[in-house]
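Asks: So for the sequence shown, the numbering used here puts the first residue at 62; every next one is plus one.
Here it is, the structure, as structure tokens.
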Amino acid sequence: MLHTYKLCLVCQWASQTKAEDAARATCQVLVDLCALAMLTKQTIESSGGPKASGKLVSCIEYFAGKARVAKAFKKTRRASRAFDYMRSGRHNICENTGFMASVVALLSLRFAGLAHYATVCTSFCWVNRATNKRSKCFPLGTDRGYVAAGSVMGGRTAAMCLLTWALGSAFSLEQPKSSTMEFLASWQFVIDFFKQRGDCLKAHFLNMGSFLAPSKKPTVLYTVFNMEPFTQLPTPATQRRRRGRAPVTRQYTDGAGKRRCTGDAGLKDSQAYTPEFGRAMLAWWIRNKDDLKTEGRQRFEHAVREIRDASVAQLAALIMSYRSSPGFRFPEAQLDEFLDSALWPV
């Protein structure tokens, strides 16, 4: 699809620019990425939807797992998508092709549509704290491979949430209450971004036990939209909730005689949403979709007016020059090198 190449060219163009520091470079690239995505979305909206799918969707669930949220939308005959590397090798957001695919997928989301992110929390939660070494002061933690991959996912999710908002849609990020993801530099940028606009990235605390999950699992939903009803739900007694197939954690004594806690066989199962949570997300969206649509369209149209400036004209000229070049071929190696270093610092 043409806009896929355009999005890649944005990254290539950005890699050739000179900026005072990585943070400024990130901000500028994100602005250009949003600009191109919004102009592309404007074309998609006017034509009735992407040619690949033939229709726009009301929900995209990223890091979907069992896709309880997307399935809740689908059961009410609302088009939805589930984005997860377990479903497709092209959905690995840690890889540059997967990241670009996630951006392209976002272009099919309706105004006021819901993009829900359940970014992998393994290297951010307290159960893994002794190994990942993450904290408020040192959010990047150790240099272990899975910890570094978690930082990449966290940073790219931050960019995706901002892009979702800029495109006139709603976003929510789910994490365990103990997650340290919000302390990444990328998420601090998101927090400051909304604060400067007189808004606030809200943290809504709830228990997954309220949706009949086997364990209480204290959880937080990050969004700029009001999800207070989620925080006011009671948690049923254990016997009224689903039973887990195995314990979530276990304690043991290490070689030095110290008591330790680690994840047990039921930890992975506890990360999956219940159908009740998916239906609750759908119910919230239905109650608020009219307001979300009005606000989203106004936000999107204002943003499109703001981005029609010299920088976008320069970008368009560059894209045209690439397309008119003999033997046009996108330099993938340069994109990989740039995205892995400067584009999404965390």
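For each residue, glycine too, the CB sits at the ideal point set by N, CA and C.
Per the contact definition of three or more C-beta pairs closer than 8 Å, is the region 277-296 in contact with the region 335-348?
Replies: yes
Asks: Any chance the region 132-148 sits against the region 182-190, with 3 or more Cβ pairs inside 8 Å?
Replies: no
Asks: Quick check on DSSP: helix, strand or coil for lysine 354?
Replies: helix
Asks: Exposed or buried, what is valine 181 when buried is set at 16 or more other beta-carbons lying within 10 Å of its beta-carbon?
Replies: buried
Asks: With DSSP as the reference, label phenylalanine 172 as helix, strand or coil.
Replies: strand
Asks: What residues are listed by DSSP as bridge partners for serine 141?
Replies: Cys120
Asks: Using beta-carbon positions only, say whether leucine 117 and alanine 231 come within less than 7 Å of one another.
Replies: no
Asks: Taking the alpha helix (DSSP H) that threonine 335 belongs to, which residues open and close that run?
Replies: Careful: threonine 335 lies outside any alpha helix (DSSP H) and carries neither H nor E.
Asks: From this set, Ser276, Gly270, Met242, which residue's C-alpha is nearest alanine 264's C-alpha?
Replies: Met242
Asks: What does a CB cutoff of less than 7 Å around methionine 214 pick up in its chain, not counting 5 residues either side in sequence?
Replies: Ile154, Cys155, Thr180, Val181
Asks: Since valine 281 is in the beta strand (DSSP E), which residue starts that stretch and which ends it?
Replies: 279-284
Asks: With respect to the alpha helix (DSSP H) encompassing glutamine 257, which residues constitute its N-terminal and C-terminal limits?
Replies: 246-257
Asks: I'd like the span of the alpha helix (DSSP H) that includes asparagine 193, first residue to last.
Replies: 190-193
Asks: Could you check where the alpha helix (DSSP H) with alanine 133 kicks off and where it finishes?
Replies: 129-136
Asks: Using the beta-carbon count (16 or more within 10 Å), is serine 196 buried or exposed?
Replies: exposed
Asks: Which residues does DSSP pair with glutamate 235 in a beta bridge?
Replies: Leu282
Asks: Find out if the Cβ-Cβ distance for the pair lysine 194, glycine 202 is shorter than 7 Å.
Replies: yes
Asks: Since leucine 234 contacts tyrosine 283 with CB under 8 Å, what's their CB separation in whole angstroms?
Replies: 4 Å
Asks: Alpha carbon to alpha carbon, what distance is there between serine 149 and aspartate 351?
Replies: When only Cα atoms are considered, aspartate 351 and serine 149 end up about 33 Å apart.
Asks: Just verifying my parser: in three-state terms, what is the DSSP assignment at leucine 228?
Replies: coil
Asks: Taking just the CA atoms, how far does valine 165 sit from threonine 225?
Replies: 11 Å
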